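Below is one structure; the comments refer to it alone.
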Amino acid sequence: MSKTIIAGIGSYVPERVVTNEELTRLMDTSDEWIQARTGIEERRYAKRFEETTATMGAEAAKIAIERAGITAADIDFVIFATLSPDYYFPGCGVLVQRILGLKEVGALDVRNQCSGFIYGISIADQFIKTGMYKNILLIGSETHSYALDFSTRGRNVSVIFGDGAAAVVLQPSPEDGRGILSTHLHSDGHNAEILSMPNPGFHCGVHNEQWKPSVPENPYGSLFINQELLDKEDFYPYMDGQAVFKKAVVKMPEAVMEALNQNGLAVDDIDLLVPHQANLRISQMIQQTMGLGEGKVFNNIQKYGNTTAASVPLALCEAWETGKVNKGDLVCLAAFGSGFTWGSALMRW
Ligand code: ACO
16 MSKTIIAGIG SYVPERVVTN EELTRLMDTS DEWIQARTGI EERRYAKRFE ETTATMGAEA
76 AKIAIERAGI TAADIDFVIF ATLSPDYYFP GCGVLVQRIL GLKEVGALDV RNQCSGFIYG
136 ISIADQFIKT GMYKNILLIG SETHSYALDF STRGRNVSVI FGDGAAAVVL QPSPEDGRGI
196 LSTHLHSDGH NAEILSMPNP GFHCGVHNEQ WKPSVPENPY GSLFINQELL DKEDFYPYMD
256 GQAVFKKAVV KMPEAVMEAL NQNGLAVDDI DLLVPHQANL RISQMIQQTM GLGEGKVFNN
316 IQKYGNTTAA SVPLALCEAW ETGKVNKGDL VCLAAFGSGF TWGSALMRW
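In this text, residue positions in the sequence shown follow the working numbering: the first is 16, and each later residue adds one.
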């Protein structure tokens, strides 16, 4: 079976830079607090009423397609990972199919938050290895800034997230030895609500009393969204940051070790680890606990914040553009996020 390579990669971030200082005008926070706890210096926010998760994803995809040396007409499958889709349904995959004028190819949406790109890579790898598809477009894109609580109440979440997109084209490897060596996916739903955005939603509070909506007068009234939710502004992401931190610093290294062990490789063999850009302190702790040398972990959260499904490809794209990823390098991607879901992808570039 043929291995799968990343044949082209591209990214797109909105022009608008939002500094920590700008956020201090909206909520009780400070540049020092944000930098010390997260490493973030600035992030990008999409242009309201113009840019969306799908349009930014399409921009990144155009670059990835061009760099792969193909045209949009060659794409035979689309995978779109996001937690901030343009519509509740349909997903962003079909919107990209329309924007790019792709053929009537399959379009799959992945709902795995920060690890969505790793899940997408794994899915694409299976399709390529079996020979079903030859040019898969995988996109990770997010528009967090349209639905964050910019009051002090939401500061632990809103200072972290940013907007952006990145995309790759996956193809069968033209050379022996190059390509994805293995992918490893995991989940644990016991703490699904620890990092979540339950509302608006179809849950009716069955998983958690705290989010039980009031019973509408009309027995057929919407349980998805109601006035009470709007009045209480109970429709923002929720995060227990410390619980997420503790789990992320254990599960990401575990997933990297799983990949190395499966392939008979060691930590020292890694040329570059590209972890999900959740928080600079999480990346630094992983680097330390795994004993990865200077320059072996790539971070760009300082400039973009946490862009969830876009974060791994956005970092990988910059690493590649700046010459930190070269042919033959052993590159490991790892992510951890809401669900919890986590995973890794190990590849010979
Ligand atoms: N500015 C100033 N003060 C703040 C802010 C802010 N933006 N946010 C929270 N605080 C305050 C809190 O109110 C609290 O004050 P108190 O002591 O008076 O109650 C104090 O700072 C400490 O709050 P903690 O939540 O305990 O702060 P912590 O040191 O845990 O840092 C953070 C918060 C940065 C979210 C941290 O928990 C973290 O990094 N967690 C990892 C989660 C993460 O990175 N998530 C990213 C998304 S998930 C993912 O991608 C996997």
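Ideal placement from N, C-alpha and C gives every residue a C-beta, glycine not left out.
Please read these numbers as outputs of a predicted model, since none were measured by experiment.
- Taking C-alpha positions only, Leu115 is separated from Lys77 by approximately 8 angstroms.
- For Gly177, the CB stays at least 7 angstroms from every heavy atom of the ligand ACO.
- In this structure Val289 touches Ala330 by the C-beta definition: roughly 5 angstroms separates them, less than 8 angstroms.
- By alpha-carbon distance to Ser160, the top candidate from Arg59, Phe260, Glu248 is Arg59.
- Per DSSP, Asp91 lies in no beta strand (DSSP E) and is assigned neither H nor E.
- For His291, the Cβ falls inside the 7 angstroms cut-off from some heavy atom of the ligand ACO.
- Within the stretch 30 to 98, the runs of beta strand (DSSP E) at least 3 residues long that lie entirely inside it are, in chain order, 31 to 34, 57 to 60, 92 to 96.
- Closest in C-alpha terms to Leu117, from the list Phe92, Gly155, Asn127, Tyr148, comes Phe92.
- Counting C-beta atoms within 10 angstroms of its own C-beta, Leu245 has fewer than 16 neighbours from the protein chains shown and is therefore classed as exposed.
- In this model, Ser298 and Asp191 are separated by some 32 angstroms (Cα to Cα).
- In this structure, the C-beta of Asn171 approaches the ligand ACO to less than 7 angstroms from one of its heavy atoms.
- In this structure, the alpha-carbon of Leu280 lies about 19 angstroms from that of Gly310.
- Ranked by Cα distance from Phe355, the options Thr158, Gln128, Thr19 are led by Gln128.
- Gly54 and Glu232 have their C-alpha atoms some 48 angstroms from each other.
- Under the 8 angstroms Cβ criterion, the stretch 294 to 308 does not count as touching the stretch 216 to 226, having fewer than three qualifying pairs.
- In the DSSP assignment, Trp357 falls outside any alpha helix (DSSP H) and within the unbroken beta strand (DSSP E) covering 356 to 363.
- Between Glu243 and the set Ser229, Tyr251, Met254, the nearest pair of CA atoms involves Ser229.
- In this structure the stretch 26 to 41 does not touch the stretch 271 to 286; the number of beta carbon pairs closer than 8 angstroms is below three.
- Annotation: Ala330 is outside any beta strand (DSSP E); the continuous alpha helix (DSSP H) that includes it extends over 326 to 336.
- In the pairwise beta carbon analysis, the stretch 320 to 327 is classified as touching the stretch 170 to 178: at least three pairs are separated by under 8 angstroms.
- Collapsing the DSSP output to three states places Phe239 in coil.
- Check the Cα spacing between Ile136 and each of Glu248, Arg193, Arg63, His199: the tightest is with His199.
- By the neighbour-count criterion, in which a residue is buried when 16 or more other Cβ atoms sit within 10 angstroms of its Cβ, Phe104 is exposed.
- Straight across, the Cα-Cα distance linking Lys247 with Cys219 is about 16 angstroms.
- Judged by DSSP in its simplified three-state form, Asp284 adopts helix.
- With a contact defined as Cβ atoms closer than 8 angstroms, Ala349 and His291 qualify at about 7 angstroms.
- Under the three-state reduction of DSSP output, Asp124 falls in the strand class.
- The residue among Val184, Asn214, Pro252, Glu208 with its C-alpha nearest the C-alpha of Ala22 is Val184.
- A direct Cα-Cα distance of roughly 48 angstroms separates Arg193 from Arg168.
- Looking at the DSSP output, Met254 shares a beta bridge with Leu210.
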